[in-house]
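Under our numbering, the first residue of the sequence shown carries the number 740, and numbering increases by one thereafter. Every residue, glycine too, gets a C-beta built ideally from N, C-alpha and C. Each remark here refers to the structure printed beneath this line.
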Amino acid sequence: MTIENPTTRLAGSEHEKGVLLIVAATLAWSASGVYSRLLTTDVWTAIAWRSLFGGLFLLIPCLFLEGGISRRQWRSVLHPSGLAMIACQTFSQGCFIGALYVTTVANVTMIYATTPFIAALFGWLILRERVAGRTLIAGAISLIGVAVIVASSIGGGTGWGDLLALGMTASFALVIIIPRISPGVPSLPPTVVSAFLTLVIFAPFGSAGSLDLHNWIVLAAFGATNFSLALVLFLAGAKRMPPAEAALIGTMEIVLTPFWVWLLFSEEPPVATYFGGAIILGAVLWHTAVDFNRGRRRLSAALPPAH
């Protein structure tokens, strides 16, 4: 006779919610290429005003997450880790939109997929964290894929875009590492401030007069979903499931982002991107699958036998 445990049922329900939240976050992130192709403004204007909308919409979850709006929460902006977060995120936002304007969406997505491995490298250099052998192997393989993509862009007009994508990836890897240096420092206020700082820095180079109703709507949706909503959904989902499983679901973005652009705009990446992307995607999937299977084995070993 099997007796159903209400606690197990509740845990399963929370896990299902986590899966749905991570999938929704991934779908929101995967729309970045579509938004960038719908815009008709110059790159400076896109960077500035997308960041403004992202910061405004991110203020809403700030009311409910990390202690809400309080003096202690916003003092984190002046903490050394907060200042580092602001600098890295401002740089990352500029590089991200710039890369989408200068190179193919597939190139940006595939290069960005190496973020976990670059973050592991920074964790070793800055925090002296031990790096697993499988991470070193997957990271080395993925860098070969990046080299294939970037090498094919030299002289092809997209080299600067690929370098911007690398800059975005490296700076975002630092954004992942910084909270581990000062775990008690809230991360949302520096993110909001970085969005407004990006507006201040890039708006003078843009042309607000080029913003018609179409561009306002696209930029508002870009900032609200891709910048703010996706982050909140991912954080909420990650709390309900193992990190390796969340990362495994998140790899859908690598495939979906260029797929939407190909489907809607017929944007064909260079042949080298297929080869380099396949190498990167294979490394990422192998690494996250190994982590996921190890996590499941540890969980199974910790659970009592069913009756």
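Residue i versus the options, residue with shortest Cα-Cα distance
{"i": "Gly878", "options": "Ile920, Arg867, Tyr851, Ala770", "result": "Tyr851"}
{"i": "Ser771", "options": "Ile993, Ala1011, Leu974", "result": "Ile993"}
{"i": "Asn846", "options": "His1026, Ser949, Pro855, Phe998", "result": "Phe998"}
{"i": "Glu1006", "options": "Leu777, Thr765, Trp768, Leu913", "result": "Leu777"}
{"i": "Phe966", "options": "Leu864, Ser769, Thr1012", "result": "Ser769"}
{"i": "Ala838", "options": "Pro943, Leu905, Leu972, Leu866", "result": "Leu905"}
{"i": "Ser831", "options": "Asp1030, Leu903, Ala985", "result": "Leu903"}
{"i": "Ile799", "options": "Met907, Val971, Thr765, Val782", "result": "Val971"}
{"i": "His1026", "options": "Leu875, Ala934, Ile836, Gly1016", "result": "Leu875"}
{"i": "Phe944", "options": "Gly923, Trp863, Ala787, Thr1012", "result": "Ala787"}
{"i": "Leu866", "options": "Pro1009, Ser921, Phe935, Gly898", "result": "Ser921"}
{"i": "Leu760", "options": "Phe1031, Ala975, Arg810", "result": "Ala975"}
Sequence-distant residues of the same chain with beta carbon closer than 8 Å to residue i, five excluded per side
{"i": "Leu822", "result": "Val816, Pro929"}
{"i": "Lys978", "result": "Gly757"}
{"i": "Asn744", "result": "Unreliable positioning characterises Asn744 in this predicted model, as indicated by a pLDDT of 48, which lies under 50. A coordinate reading is not provided."}
{"i": "Ala767", "result": "Thr964, Asn965, Leu968, Ala969, Leu972"}
{"i": "Ile1018", "result": "Ile880, Ser881, Ile883, Gly884, Val887"}
Same chain, Cβ closer than 6 Å to residue i, neighbours up to 5 away in sequence not counted
{"i": "Met740", "result": "For Met740, the pLDDT reaches just 40, beneath the cut-off of 50, and the residue's location in the model is therefore unreliable, although a value from the coordinates is still provided. Contacts found: none."}
{"i": "Phe1014", "result": "Val887"}
{"i": "Ser752", "result": "none"}
{"i": "Ile917", "result": "Ser820, Ala823, Met824"}
{"i": "Phe961", "result": "Tyr774, Arg789"}
{"i": "Cys834", "result": "Leu903, Gly906, Met907"}
{"i": "Arg1036", "result": "none"}
Cut-off 7 Å between Cβ atoms - residues of its own chain near residue i, not counting five sequence neighbours on either side
{"i": "Thr747", "result": "Legend: pLDDT at Thr747 = 48, less than 50; position of this residue unreliable, no value from coordinates given."}
{"i": "Ala858", "result": "Ala912, Ile915, Ile916"}
8 Å Cβ cutoff, residue i in contact with chain D
{"i": "Leu759", "result": "This model lacks chain D altogether, as it is built from one protein chain only."}
The ligand SAH heavy atom lying under 7 Å from the CB of residue i
{"i": "Gly989", "result": "As far as ligands go, the structure on display features none, and thus does not contain the ligand SAH."}
Which ranges does the alpha helix (DSSP H) cover as unbroken runs of at least 4 residues, wholly within the stretch 906–951, from first to last along the chain? Fully enclosed alpha helix (DSSP H) runs of 4 or longer: 927–941.
So, do the stretch 1010–1028 and the stretch 881–891 have three or more beta carbon pairs nearer to each other than 8 Å? The stretch 1010–1028 makes contact with the stretch 881–891, as at least three CB pairs between them are under 8 Å.
If we require 4 or more residues per run, which alpha helix (DSSP H) segments fall completely within the stretch 863–892? Those alpha helix (DSSP H) runs which fall completely within the stretch 863–892 and span 4+ residues are 872–892.
Pair every Cβ in the stretch 753–773 with every Cβ in the stretch 941–956, then say whether three or more of these pairs are closer than 8 Å. Judged by Cβ distances under 8 Å, the stretch 753–773 makes no contact with the stretch 941–956, as fewer than three pairs qualify.
Okay, do the stretch 791–804 and the stretch 918–933 touch, 3+ Cβ pairs below 8 Å being the bar? With three or more CB-CB distances shorter than 8 Å, the stretch 791–804 counts as touching the stretch 918–933.
Does the stretch 852–868 come close enough to the stretch 998–1008 to have 3 or more Cβ pairs within less than 8 Å? Touching, no.
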